[in-house]
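Heads up: the structure comes next, in structure tokens.
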Amino acid sequence: MRSSEAMELLGFPPYSRPSPSEVKSAYRRMVMESHPDRVPNHQKSQAESKFKQISEAYSCLKDGRRPRSRMEVHVMRSGVPTGYGRSNRTLVKAPFLLIIVAAVSFGSYSASRAYKRQKEVCSSQNPFLP
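Take the sequence shown: its letter number 18 is residue 18 in full-length UniProt numbering, and every next letter is one higher.
Next up, the structure:
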């Protein structure tokens, strides 16, 4: 449901910006008017459908948030936009993999230099070095 439809269903004029408390009070008022238990038996099916629509409209407008497009939601979650149905997860994972590979290679390089230096300095005193 679009936000404009939800606002009209809850009784707000188009292009208005109701606060979360106004949305909540309008929702409660509309629910009390159209609750299926408060109408006669022959109008229950209509009241149930309207009740469901009002609940959906409230979930769309609650907390003052507007529904966003799928692209905006995806960019907010992953930090990388997708294009034409393809995901760019490798663009997100690549920097982390590069950091890990660099750390491991630098660590092994440092360890090998330290091993060689230790071997040169005191080769006979250390029984663990070959």
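The beta carbon of each residue, even a glycine, is placed where N, CA and C say it ideally should be.
Item                                                                                            : Value
Assumed close pair proline 36, phenylalanine 51 - CB separation to whole angstroms, cut-off 8 Å : 6 Å
Buried/exposed call for serine 105, threshold 16 Cβ in 10 Å                                     : exposed
Rounded separation between alanine 57 and methionine 30 - CA only                               : 11 Å
Reduced DSSP category for arginine 28 - H, G, I as helix; E, B as strand; rest coil             : helix
Contact check, glutamate 8 vs proline 14, beta carbons under 8 Å                                : yes
Rounded separation between arginine 17 and tyrosine 27 - CA only                                : 15 Å
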